[in-house]
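Per our numbering, the very first residue in the sequence shown carries number 343; after that it's consecutive. Glycine residues also receive a C-beta, built at the ideal position from the N, C-alpha and C atoms. Heads up: the structure comes next, in structure tokens.
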Amino acid sequence: MIIKSGDHTVLLSCEGGSILGWQWRGHWILGPTRMEKVGDDFKLRGMTHWCYPNFGKAEGLPQHGFLRESLMEARRPSDEFAEFRKSFAAIDGFPWESRVLIENGIYCGDSEHYDHLTSSMTITNTSYRREYKTLGDMPILPALHPYFCVEPIFCAIPDSFRHGFLGKFLEPKYTVNCDVRFFFEPA
Numbered sequence: 343m344i345i346k347s348g349d350h351t352v353l354l355s356c357e358g359g360s361i362l363g364w365q366w367r368g369h370w371i372l373g374p375t376r377m378e379k380v381g382d383d384f385k386l387r388g389m390t391h392w393c394y395p396n397f398g399k400a401e402g403l404p405q406h407g408f409l410r411e412s413l414m415e416a417r418r419p420s421d422e423f424a425e426f427r428k429s430f431a432a433i434d435g436f437p438w439e440s441r442v443l444i445e446n447g448i449y450c451g452d453s454e455h456y457d458h459l460t461s462s463m464t465i466t467n468t469s470y471r472r473e474y475k476t477l478g479d480m481p482i483l484p485a486l487h488p489y490f491c492v493e494p495i496f497c498a499i500p501d502s503f504r505h506g507f508l509g510k511f512l513e514p515k516y517t518v519n520c521d522v523r524f525f526f527e528p529a
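Right, here's the structure in full:
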């Protein structure tokens, strides 16, 4: 899926609601996503993705969680915005049920505001109260894993990352939101 605004083009994937690439006038800012040989295997590199339920290694879970390899439902797409949703049932290594919403948008500012790409993730613990006594609060350590393309023509700076619940436990029926905004100003 492609979203555009002004001279900006963003390629998105239904796999984890990931950003495969962000270009300004043909110059890469994030990405591009590509396959690279690492040892005997090929690995995907350059994809900016949300890590859920964990960033890094966690016992019984893939590194950076399972969201980036999960097919999400695309909803409410427009020229400048796309939303992806997925409900997760309990799995081996992560017995909690949850709902995840990823929103990506590209916005062109006026002369007083910078162009920017926004990506946000909203997580809701949908485990029931009866399970709460057995499972306890849902442990989460979500994060956005960006891949910047280094070219001298631009400057992309992560501005805000609200993370008050990172590395915390999420009670049933509670929701947490993480936002990252990349401001853009040509050098």
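On the DSSP letters alone, give me the boundaries of the beta strand (DSSP E) that residue i sits inside.
i: Ser355; result: Unbroken run through Ser355: none, as it is neither H nor E.
i: Pro481; result: 480-482
i: Ser461; result: 457-467
i: Ser360; result: Per DSSP, Ser360 belongs to no beta strand (DSSP E) and is neither H nor E.
i: Lys515; result: Neither: Lys515 is in no beta strand (DSSP E) and is coded neither H nor E.
Measure the alpha-carbon distance for residue i versus residue j and round it to whole angstroms.
i: Ile345; j: Thr466; result: 26 Å
i: Trp370; j: Tyr470; result: 44 Å
i: Gly435; j: Glu401; result: 7 Å
i: Gly373; j: Ser360; result: 11 Å
i: Phe525; j: Ala485; result: 18 Å
i: Tyr516; j: Arg441; result: 11 Å
i: Met480; j: Arg417; result: 26 Å
i: Arg427; j: Gln365; result: 25 Å
i: Gly506; j: Gly447; result: Note that Gly506 has pLDDT 35, beneath the 50 cutoff, so the model's placement of it is unreliable and no number is given.
i: Cys497; j: His458; result: With a pLDDT of 41 at Cys497, under the threshold of 50, the modelled position of that residue is not reliable, and no figure is offered here.
i: Gly407; j: Gly398; result: 8 Å
i: Glu378; j: Cys491; result: 15 Å
i: Asp383; j: Ile433; result: 26 Å
i: Leu413; j: Val522; result: 22 Å
i: Asp430; j: Glu422; result: In the sequence on display, residue 430 carries Phe and not Asp. Each residue's alpha carbon lies about 27 Å from the other.
i: Glu425; j: Arg376; result: 23 Å
i: Thr326; j: Ser461; result: This structure cannot speak to residue 326, because the chain is shown only from 343 to 529.
i: Thr464; j: Ile444; result: 7 Å
i: Leu409; j: Glu527; result: 31 Å
i: Gly388; j: Met343; result: 17 Å
i: Gly451; j: Asn519; result: 24 Å
i: Arg420; j: Leu354; result: For the sequence presented, residue 420 should be read as Ser rather than Arg. Roughly 12 Å separates the two Cα atoms.
i: Asp349; j: Arg367; result: 6 Å
i: Val380; j: Leu386; result: 10 Å
Taking Cβ positions, are residue i and residue j nearer each other than 7 Å?
i: Trp468; j: Glu439; result: It is worth fixing the name first, because residue 468 is Thr in this sequence and not Trp. Going by C-beta atoms, Thr468 is nearer than 7 Å to Glu439.
i: Tyr456; j: Ser347; result: no
i: Leu477; j: Asn396; result: no
Runs of beta strand (DSSP E) wholly within the segment 375-442 (minimum 3 residues, chain order): 376-380, 383-387, 391-393, 415-417, 423-430
Three or more C-beta pairs below 8 Å linking the segment 380-398 and the segment 349-368: yes
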